[in-house]
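Sequence lines, in order, name chains P and A.
Each residue of the first sequence is one higher than the last, beginning at 614 in our numbering.
Each residue of the second sequence is one higher than the last, beginning at 19 in our numbering.
Note that the Cβ used here is the ideal one computed from N, Cα and C, for glycine as well.
What follows is a short report on a single structure.
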Amino acid sequence: MRIALTRSGGFTGTRVRVELDTAGLPAGEEQRLRDLLAAAELKASRSPAVRDAFTYDLAIEDGGRLSTCRTDDSAMNDHTRELVDWLLEHAPRV
Amino acid sequence: MRRTNVICGFLPPYILRRLAEAGDEGQREVARATLDMSAHIRGERTALAAMAAMMAIATGEKRRTVYDAHNLRSLPGTRVRGEGDPRRGDAAVDEAYDGSGRTFDFFEKVLGRNSVDGRGLRLDSTVHFGVRFANAQWNGRQMIYGDGDGQLFNRFTKSLDVIAHELSHGVTQYTANLEYLDQSGALNEHFSDVFGILVKQYSLKQSAKKSDWLIGAELLSKRVRGVAVRSMKAPGSAYDDPILGRDPQPAHMKDFLHTDEDNGGVHTNSGIPNHAFYRAATLIGGNAWDTAGKVWYHALTRHLRADAQFRDCADATYESAGALFGPRSEPQAAVAEAWSAVGVPVSPGLREDVPRAMTATIDFPSGGAELPFLSTDEPRRA
Ligand SMILES: [Zn+2]
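What follows is the structure in structure tokens.
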């Protein structure tokens, strides 16, 4: 599985992108990531009234299937936030 | 009927109206219900509307409240400082309080606006929001500030212009309500930076020439190679850092960034109108809040529609400069020159100094009227 996350916008308008291939991960970490993904039940959601929110773009390629999701800082649920925070901390920046 | 309703029933309508707009949540609800009821019963809707209009232009009273989220994400958090309360000794709390006060004062004294909505809206701020949250937001109702990530960014209340930027998103929401996407979104960002820098200049008593024209100068940590988050004087030059990257802002339409991230690059392409504002203000000279600032505010509140593009903003500020300082005045010429310099020229049809095919302008002592020349159109009445 490969996963990419781009965070854009926010007051500072600075862009951060991380990418991860689970092929190189210890088994425990890959399972942790899969658990986070399953819990997040990713769905696109935006909060129209918020200004200066971070925008998050997720792309996941697993077994030849690509899924993408766009959400923002205020609209995302706690599980998605956990996933995003985990990726920003563990996945290499590109 | 609840007991509070009965008590409110004895209050005169103007106090009810004030409570309905500026009271705490409970007071607002009861006051609104009572106003609706009395209007219905006594048929006083017109009288109340007239009173409301008077309240809207009356000198406002600041009603600031600062909340502490204690690094959680639930809003608004614990109330820690209200209007008139002494300093808390917590920098984020006191900066949010002082900064929203300075912004309120600026809008009232310079632009004649009573708070964010023009009707004395309460100013609520939440600080210490989230964990290592390197951001500030306006969520449609209140301001939200993070503590920074402890690496690249300091706490987001540290720059007065950032606080003014967030509050000004509220002003835009209640006026042109520019759509937060692509060019209209970049204009939304632009107006927040404009009022951000004006509040900073006004509180430093700094002329357009003296200002550094930097947004978020206090936000960057010492580790970052850079001077601020954005520069209106030289967009694209605010930082160049190994981790943060390089300031991506363009200063000219030819470098407009086409992207679907950040709502179409709203925080990037704002560099173009930002630089036009800088140019107009410095060409005119003096204090920007008295000249270009008033022109831009006039354009935002009286001309621009939600779907406005850069060209519409150029035209609106040009027309506003004409309305405030006179057609063919120096400020109006400066506005036109500024927009041309960033590659967004004012529409030729509006330019007073450009000869128009088929038309000639005849000056009348009373202010001027336009008559068609070599045209069969009916003369336009002044
Ligand atoms: Zn903004």
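So if I threshold CB-CB distances at 8 angstroms, which residues from the region 675 to 692 of chain P count as touching chain A? D686, S687
Could you tell me which chain A residues have their CB closer than 7 angstroms to the CB of P/S621, listed as they occur along the chain? E279, D280
Among A/R120, A/G136, A/G100, A/I181, which one has its Cα closest to the Cα of A/T319? A/G136
What are the start and end residues of each continuous alpha helix (DSSP H) run of 4 or more residues lying completely inside the region 328 to 368 of chain A, in chain order? 328 to 343, 348 to 359
Would you say A/W17 faces chain P, with C-beta separation under 7 angstroms as the test? With chain A covering only 19 through 400, there is no way to say anything about residue 17 of chain A.
Just to check, is the beta-carbon of P/E711 closer than 6 angstroms to a non-hydrogen atom of ligand 1? With chain P represented from 614 up to 707, any question about residue 711 of chain P goes unanswered, as that position is not in the structure.
Taking a contact to mean a Cβ-Cβ separation below 7 angstroms, would you say A/N281 touches A/L199 in this structure? yes
Euclidean distance between Cα positions of P/L671 and A/L238: 27 angstroms
Could you confirm whether any beta carbon from chain A is found closer than 7 angstroms to the beta carbon of P/V585? Residue 585 of chain P lies beyond the stretch modelled for chain P, which goes from 614 to 707, so this question has no answer here.
Taking A/G263 as the query, report the chain P residues whose CB atoms sit under 8 angstroms from its CB, ordered along the chain. T627, R628
Within the present structure, is the beta-carbon of P/D665 separated from the nearest heavy atom of ligand 1 by less than 6 angstroms? yes
So the candidates are A/A306, A/V84, A/N89, A/D167; which of them puts its Cα closest to the Cα of A/L222? A/A306
With a CB to CB cut of under 6 angstroms and the five nearest residues on each side skipped, what residues in its chain are close to P/R706? V631
Within the region 198 to 238 of chain A, ranges of the alpha helix (DSSP H) (whole runs, at least 4 residues): 200 to 222
I'd like to check one pair, A/A269 with A/H293: are the Cβ atoms closer than 7 angstroms? yes
Please name the residue or residues paired with A/Q155 in a DSSP beta bridge. A/I162
What does a CB cutoff of less than 6 angstroms around P/D634 pick up in its chain, not counting 5 residues either side in sequence? R615
Closer than 6 angstroms to a non-hydrogen atom of ligand 1 - does that hold for the CB of A/S210? yes
Would you report the Cα separation of A/S365 and A/D258, rounded to the nearest angstrom? 36 angstroms
Under DSSP, the beta strand (DSSP E) around P/V631 begins and ends at which residues? 629 to 634
Which two residues bound the contiguous alpha helix (DSSP H) that contains P/L696? 691 to 703
What are the residues of the region 654 to 669 of chain P that lie near chain A, defined by any Cβ-Cβ distance shorter than 7 angstroms? A662, V663, R664, D665, A666, F667, T668
Are the beta-carbon atoms of A/A298 and A/A356 separated by less than 7 angstroms? yes
Give the straight-line distance between the Cα atoms of A/L196 and A/I162, rounded to the nearest whole angstrom. 20 angstroms
Rounded to the nearest angstrom, what separates A/K127 and A/S358 at their Cα positions? 31 angstroms
Looking only at its own chain, which residues have a Cβ that is under 7 angstroms from the Cβ of A/V98, when we skip the five neighbours before and after it? V84, Y85, D86, R106, V111
Could you check whether A/F343 and A/Q201 sit closer than 7 angstroms to each other, using their CB atoms as the reference points? no
What residues in the region 173 to 196 of chain A have a beta carbon less than 9 angstroms from any beta carbon of chain P? F174, V180, H183, E184, H187, G188, T190, Q191
Within this structure, are the beta carbons of A/P94 and A/T144 separated by less than 7 angstroms? yes
Please classify A/T319: does DSSP put it in a helix, a strand, or coil? helix
What separation, rounded to the nearest whole angstrom, lies between the Cα atoms of A/S118 and P/L650? 40 angstroms
Please state if the CB of A/T309 and the CB of A/P345 are separated by a distance shorter than 7 angstroms. no
P/F667 versus P/D686: straight-line alpha-carbon distance, rounded: 5 angstroms
Closest Cβ-Cβ distance between A/T286 and chain P: below 7 angstroms? yes
When every heavy atom of ligand 1 is checked, does at least one fall within less than 6 angstroms of the C-beta of A/E279? no
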